[in-house]
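Novice: Protein sequence lines, in the order shown, are assigned to chains A and B.
With positions in the first sequence counted from 1, the corresponding number in my numbering is that position plus 191.
With positions in the second sequence counted from 1, the corresponding number in my numbering is that position plus 191.
Virtual Cβ for every residue (Gly too), placed ideally from N, Cα, C.
Please read these numbers as outputs of a predicted model, since none were measured by experiment.
This is the structure I want to talk about, given as C-alpha cells.
There are 2 protein chains.
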Amino acid sequence: MLNDKNDNKKVLAITSREEDFARWYTDIVIKAELADYSTVKGCIVYRPLGYAIWEMIQAAFDKMIKDTGHHNVYMPMLIPESLLQKEAEHVEGFAPEVAWVTHGGHEKLAERLCIRPTSETLFCDHYAKVIQSHRDLPKLYNQWCSVCRWEKTTRPFLRGSEFLWQEGHTAHATYDEAQTETLMILDFYEDVCRDFLAIPVIKGQKTDRERFAGAKATYTIESLMNDGKSLQSGTSHNFSDGFARAFDIKFTDKNNEIQYVYQTSWGMSTRTIGALIMVHGDDNGLVLPPKVAPTQVVIIPVASHKEGVMEQCVRLKSQLSSKFRVVLDDSDKSPGWKFAEHEMKGVPLRLELGPKDIESGQVTLVRRDNSEKCTVALDEVSSAIEKLLDKIQSDMLQRAIEHKTANTRVANTYEELAAIAEQHAGFIKAMWCGSGECELNIKNDLGVTARCIPFEQEQLGSKCIACDEAAKQLVIWGKSY
Amino acid sequence: MLNDKNDNKKVLAITSREEDFARWYTDIVIKAELADYSTVKGCIVYRPLGYAIWEMIQAAFDKMIKDTGHHNVYMPMLIPESLLQKEAEHVEGFAPEVAWVTHGGHEKLAERLCIRPTSETLFCDHYAKVIQSHRDLPKLYNQWCSVCRWEKTTRPFLRGSEFLWQEGHTAHATYDEAQTETLMILDFYEDVCRDFLAIPVIKGQKTDRERFAGAKATYTIESLMNDGKSLQSGTSHNFSDGFARAFDIKFTDKNNEIQYVYQTSWGMSTRTIGALIMVHGDDNGLVLPPKVAPTQVVIIPVASHKEGVMEQCVRLKSQLSSKFRVVLDDSDKSPGWKFAEHEMKGVPLRLELGPKDIESGQVTLVRRDNSEKCTVALDEVSSAIEKLLDKIQSDMLQRAIEHKTANTRVANTYEELAAIAEQHAGFIKAMWCGSGECELNIKNDLGVTARCIPFEQEQLGSKCIACDEAAKQLVIWGKSY
C-alpha cells in the first residue's frame with residue numbers, strides 16, 4: 192500500500208482559494224494533472240485529463256456546427272508576411288505578437304512566414320480562389336488547430352504562447368446572413384457553456400476599443416470566475432465586407448452582378464478549461480460537470496483483499512460502462528489516497544464498495560460537488576447514478592448562476608462605480624455614452640474594463656456614468672483575465 | 192440549369208492514368224476538391240472532403256488506441272534547438288529539414304525554436320519529469336497534430352512541408368513490452384488500411400538504411416499503388432532505451448532498482464489519403480470505400496420539377512439518414528452534371544429517382560466502383576443499400592489484393608531482378624545478405640529500394656541476389672513514393 196490516509200493531505204494539498212487564488216489555480220492545473228509546463232516558454236503540455244476535457248468540449252461544439260451545415264477544413268499553419276499585411280487593421284493587431292519563421296533547414300527564406308495567430312488571411316486567400324458564383328455561397332468552414340501568440344505573461348489555459356482552439360470562417364452573400372451566422376454561433380457558445388460546462392454567461396457586443404482587429408462588430412460571451420473576475424470565453428465577429436475588399440473576394444449574384452462577400456469568424460479555445468477550474472473548483476481540487484467529465488464515476492474498492500470485493504467491482508464496472516464513463520481504480524494505493532486523488536481530478540461521483548456493502552447488497556455513492564453521501568441498493572445503482580449525474584450537472588449550473596447574480600451590482604453614479612470597483616470583484620452594470628474616452632478614463636481610474644454591451648439592456652438612468660452626456664447603452668464592467 | 196449533360200466531360204475531365212499518372216493524381220486532388228494549393232510553398236489547404244476523410248480515418252484509429260488504454264495529449268509545436276540536439280542520430284536525421292523560428296514579435300529569441308518535425312524530444316522531456324516509479328508505467332500517449340518538414344519537392348498528401356498525422360509515444364518497463372506495443376500498433380495500421388481503406392499491406396521491418404533516426408528497429412506497412420509504386424503508409428518504431436539514456440528517463444522498479452524506460456513511437460499521416468486515391472481511383476475520379484466515405488449515398492432527383500419527385504427524395508433522405516451518411520443533391524445543376532460531380536468525388540452509391548421510378552415504386556442504384564446499376568423496390572431500399580455498401584467495400588479490397596498479387600514478382604538472379612525492375616513496376620521478392628553495400632548497389636544500379644524485410648518470410652534460395660554471400664532474409668524491393 193502506497194500511503195495511508197494520513198499522508199493524503201500532505202501530498203495532495205493545494206493552496207486554498209482564500210489564501211491565494213492565483214496559486215490555487217496553478218496548483219490545480221498541476222496536481223490534477225491537467226497540464227504541465229514545458230521547456231518552451233509560455234507553452235504547456237496538455238496532459239491526458241486536460242486534453243480529454245478538451246475532446247469533450249470539441250465533440251459538443253463540433254456536433255452543433257456540423258448539424259448546421261458547417262465543414263471542418265485545415266489551413267497551413269504558416270502565413271507569408273505579405274499575406275498577413277493585406278488587411279491593415281488586422282496586421283496592426285497581430286504583428287507584434289507573432290512568431291516568425293526565417294529559415295527552412297539550412298536556408299534563409301526569401302520571405303518570412305509567421306505561425307498563424309489566427310487564420311483570417313489564409314481563409315480569405317482560399318475563398319478568393321474558390322468563390323465565384325452565388326452557388327458557392329455560403330461557405331461555412333471551421334478548423335480545429337493551435338495558434339501562436341507571443342505573450343509576455345502566460346498562465347496555463349488562460350494565456351499562452353500557443354493554445355488550442357477552433358476558428359470558424361464563413362462567407363455569405365449578404366450582410367444580414369453574416370450577422371445571423373455571427374449571432375447563431377454566439378448562441379452555440381452560450382449553449383456549450385451552459386449545457387455542458389454548467390457555466391452561465393452574459394452575451395453582448397464588445398466596445399470599439401475591444402473589437403477584434405479587422406472586424407466590424409465583435410460579440411462575446413463573458414463568464415464570472417469564483418474570484419469575481421470576468422473571463423472572455425468565446426467571441427464571434429462580423430467582418431461585413433472589409434476582408435472581402437482587402438482580399439478581393441467577389442461573386443456573381445443571381446442578377447449576374449459582381450458583389451463582395453460578407454464574412455464572419457469565431458473562436459473558442461482551451462481557455463474554457465481555465466473557466467471550468469475557476470468557476471467550479473474548490474479547495475480539494477477540480478470539480479467537473481458530469482457532461483464534460485472524461486470519467487464520470489470512479490469505483491473504489493474498500494478492503495479489496497476481502498472475498499468478493501474485487502469481483503463485485505469488476506462486475507459493476509462492466510455493467511455501468513455501457514451507460515457511463517467509468518473507471519475502476521484497482522491500483523495498490525490506499526482507499527483514502529484514491530479518494531483524495533479522484534477528488535483532485537474532479538470526478539463527479541465516487542462509488543465505494545467494501546465487504547459491508549456486499550453483505551447488505553448496496554454501494555456507497557459520494558458526490559464530488561457537495562460531498563453528499565448516500566447508499567443505494569445494488570440493483571438500483573445504474574438508475575441512481577443517472578439521476579445523481581443529472582442532479583450534479585444542474586446543481587452546479589444553479590450555484591454558478593447564483594454566484595453570478597450575487598456578484599452583479601448596479602452603479603448609478605461614478606462614486607458608486609468607484610466604490611464597488613474598489614470593494615468588490617464581479618460584474619458592475621452602469622450606463623455609458625459610447626465614447627472611447629469615458630471608457631478609457633474608467634479603465635485607468637478604476638481598473639475595470641467594459642466587458643460587453645449586453646444584449647439584455649436595462650435603463651438604469653439617462654446619463655453616462657462618467658461624463659454626464661446622454662447615455663446610449665448599459666455596459667457590464669469588471670476586472671478580467 | 193447550369194449545364195446539360197454534354198458539357199460534363201469537358202468541365203470535369205481529368206488526365207487519364209495511362210496518359211500521365213502523376214497528373215491524373217493531382218487532377219483528382221484538385222477536381223474532387225480534396226485539397227488545394229496555398230500561397231505557402233509545399234503547404235496545402237485540406238478542403239472539406241479531404242478533411243472529412245481524414246476525420247473518418249482518425250475516428251477508426253482513435254478508437255483502436257483508446258480501447259487499448261492509450262491517451263491523447265498535446266505537446267507544444269515548438270522545440271528549442273538544444274532539446275532537438277539531445278539524441279545525436281535523431282537531430283542528424285531531422286535538423287536539415289526543419290523550419291526555424293528566430294523572432295517572437297519584434298524581438299529576436301535567445302534560442303532558436305524549430306517547428307516540430309516529430310515530437311520524440313518533447314515527449315521524452317515530459318516523460319523525464321513525470322515518470323518516477325514502475326507505478327507510472329506504461330505511459331501510452333498519442334497526439335493528433337501537424338508537423339513541418341521543409342521538403343524540396345512536394346505533392347499533395349504524399350509529401351508536404353506541413354502534414355497532418357498522429358504520433359504515438361509510449362514508455363514501458365521492459366524491452367519486450369515495448370516490442371509488443373510496437374507490433375500491436377503495426378497491426379492496428381494494417382487493420383485501418385484493410386478494414387477501412389480497403390488497402391492490403393505488406394508488414395515488415397525496415398533495413399538499417401531506412402530506419403527512423405534514433406530507433407533501434409523500424410517496422411512499416413507498405414501498400415502498392417495503381418502504378419506499381421510502393422507507398423510507406425505507417426511506421427512503428429522500437430527505441431529500446433536509446434532515447435531514455437539521452438533524456439535520462441528512469442524509474443524505480445518493483446525491486447527498488449533504478450532502470451531506464453523502453454520507448455516506442457509510431458505515426459500514420461494524411462499520406463493515407465494519397466494511398467486511397469492511387470489504389471482505388473479511376474479515370475472518372477476518386478473511388479471511396481464506403482467505410483471512410485463522408486458521403487456514402489448521394490440522392491439525385493431526375494426531372495425534379497415533376498410532381499412527387501422532390502418530396503420522395505426528401506422522404507428517402509430522412510429515412511436513410513439514420514443508417515447511412517446521405518446527401519440529397521437538390522442544387523439547380525442538371526442530373527448529368529451531378530452524376531459526374533459525385534463520381535469525381537468518389538461517392539460509393541448513387542440513388543436516382545425520377546417520375547418513372549415513382550410510378551413503378553422503385554429507385555435506381557448505381558455503384559461507383561464498377562458502374563453496376565440495379566433497381567430496387569422502395570420498401571427494400573435500406574436493406575439493399577446496406578448490402579451494396581458491404582459488397583462495394585469487400586470488392587474494392589478484393590481488387591486491390593488481386594492487383595498486389597499480380598504485381599508481386601520473384602527474382603532468383605540479379606539478371607531477373609534487373610529485368611523485372613526495368614520492365615515492371617510492383618513488388619519484387621529477392622534474397623539478401625543483409626549488407627548495406629548490396630542494398631545501395633541495387634538502388635543505384637536498378638532504381639529500386641528495399642521496401643521492407645517482410646514478416647512473411649520465404650526461402651527463395653540460399654544466396655544474396657547481389658553478392659553471392661549467404662542470404663539472411665527475403666526482402667521486398669520496389670520503387671516508392
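1) Report the neighbours of Cys234 (chain B) on chain A: residues whose CB is nearer than 9 Å to its CB, in chain order.
2) Below 8 Å CB to CB, which residues in the same chain sit around Gly476 (chain B) once its five sequence neighbours on both sides are set aside?
3) Answer yes or no: does any C-beta atom of chain A fall closer than 8 Å to that of Glu353 (chain B)?
4) Skipping 5 residues on each side, what residues in its chain have a beta carbon closer than 6 Å to that of Gly425 (chain A)?
5) Could you please give the first and the last residue of the uninterrupted beta strand (DSSP E) stretch that includes Thr345 (chain B)?
6) Check Leu377 (chain A) in the structure and name its three-state DSSP category.
7) Taking Ser626 (chain B) as the reference, give the member of B:Val292, B:Asp659, B:Arg350, B:His594 with the closest Cα.
8) What does DSSP give as the partner residues of Gly476 (chain A) in its beta bridges?
9) Distance cutoff 8 Å, beta carbons only. Does Ala404 (chain A) sit that close to anything in chain B?
10) May I ask you to report which of helix, strand or coil DSSP gives Pro526 (chain B)?
11) Chain A beta carbons: is any one of them nearer than 8 Å to that of Glu246 (chain B)?
12) Under a Cβ-count criterion, where at least 16 other Cβ atoms within 10 Å of its own Cβ denotes burial, should Ile449 (chain A) be classed as buried or exposed?
13) Apply the 10 Å Cβ neighbour rule to Asn446 (chain B) and answer buried if 16 or more other Cβ atoms are within range, or exposed otherwise.
14) Under 8 Å by Cβ, that's how I've got Gln334 (chain B) and Glu358 (chain B) pegged, so tell me the actual separation to the nearest angstrom.
15) Tell me which residues share the same chain as Asp227 (chain A) and place their Cβ nearer than 7 Å to its Cβ, disregarding the 5 neighbours each side in the sequence.
16) Determine the direct distance from the alpha carbon of Thr259 (chain A) to that of Ala250 (chain A), and round the result to whole angstroms.
17) Across the segment 583 to 603 of chain A and the segment 385 to 393 of chain A, are there enough close Cβ pairs to call them in contact, namely three or more that are closer than 8 Å?
18) Ser509 (chain A) CB to nearest chain B CB: under 8 Å?
19) If you follow the beta strand (DSSP E) that Lys394 (chain B) is in, where does it begin and where does it stop?
20) With a threshold of 8 Å between beta-carbons, can Trp457 (chain A) be considered close to chain B, or not?
21) If you pair each beta-carbon of the segment 624 to 642 of chain B with each one of the segment 398 to 412 of chain B, do three or more pairs fall below 8 Å?
22) Under a CB-based cut-off of 8 Å, is Asp195 (chain B) close to chain A?
23) CB-CB under 6 Å to Lys254 (chain B), same chain, minus the five flanking residues each way: which ones, in chain order?
24) Note down, in chain order, every chain B residue with its Cβ under 9 Å from the Cβ of Leu313 (chain A).
25) Please list, in chain order, all residues of the same chain as Ile256 (chain A) whose beta carbon is under 6 Å from its beta carbon, the five residues on each side excluded.
26) Quick check: the Cα distance between Ala484 (chain A) and Leu579 (chain A), rounded to an integer number of angstroms?
27) Using a Cβ cut-off of 7 Å, which residues of the segment 337 to 353 of chain B contact any Cβ in chain A, in chain order?
28) Measure the beta-carbon distance from Gly311 (chain B) to Ser337 (chain B) and round it to whole angstroms, keeping in mind my assumption that it falls under 8 Å.
29) Taking only three categories from DSSP, how would you classify Gln357 (chain B)?
30) Is the shortest distance between the beta-carbon of Asn263 (chain B) and the beta-carbons of chain A less than 8 Å?
31) Any beta carbon of chain A sitting closer than 8 Å to that of Val292 (chain B)?
32) Any beta-carbon of chain B closer than 8 Å to the one on Asp586 (chain A)?
33) How many Å lie between Gly208 (chain A) and Asp474 (chain A) at the Cα?
34) Report the start-end ranges of each alpha helix (DSSP H) in the segment 255 to 327 of chain A that is 4 residues or longer and not cut off at the edges.
35) Tell me, to the nearest whole angstrom, how far the beta carbon of Ile440 (chain B) is from that of Ala364 (chain B); I am working on the premise that it is less than 8 Å.
36) Give a yes or no on whether the minimum CB-CB distance between Tyr242 (chain A) and chain C is below 8 Å.
Specialist: Answer, in terms of the structure:
1) Met266, Pro267, Met268, Leu269
2) Leu203, Ile205, Ile219, Lys222, Ala223, Glu534, Met535, Lys536, Gly537
3) yes
4) Tyr380, Ile412, Met459
5) Where Thr345 (chain B) is concerned, there is no enclosing beta strand (DSSP E), given that its DSSP letter is neither H nor E.
6) helix
7) B:Asp659
8) A:Asp473
9) no
10) helix
11) yes
12) exposed
13) exposed
14) 6 Å
15) Ile221, Ile235, Val236, Arg238
16) 14 Å
17) yes
18) no
19) 393 to 396
20) no
21) yes
22) In this prediction, Asp195 (chain B) has a pLDDT of 43, which is less than 50 and means its spatial position is unreliable; nothing more can be read from the coordinates.
23) none
24) Ser229, Thr230, Val231, Val236
25) Asn333
26) 14 Å
27) Ser337, Trp341, Glu353
28) In the sequence on display, residue 311 (chain B) carries Glu and not Gly. At roughly 16 Å, the Cβ-Cβ gap does not stay under 8 Å, so Glu311 (chain B) and Ser337 (chain B) are not in contact.
29) strand
30) yes
31) yes
32) no
33) Note that residue 208 (chain A) corresponds to Arg in the displayed sequence, not to Gly. Distance between the alpha carbons of Arg208 (chain A) and Asp474 (chain A) is about 6 Å.
34) 272 to 275, 279 to 285, 311 to 321
35) Actually they are not in contact, since the Cβ atoms of Ile440 (chain B) and Ala364 (chain B) sit about 12 Å apart, beyond 8 Å.
36) The chain inventory of the structure shown lacks chain C, comprising the protein chains A and B.
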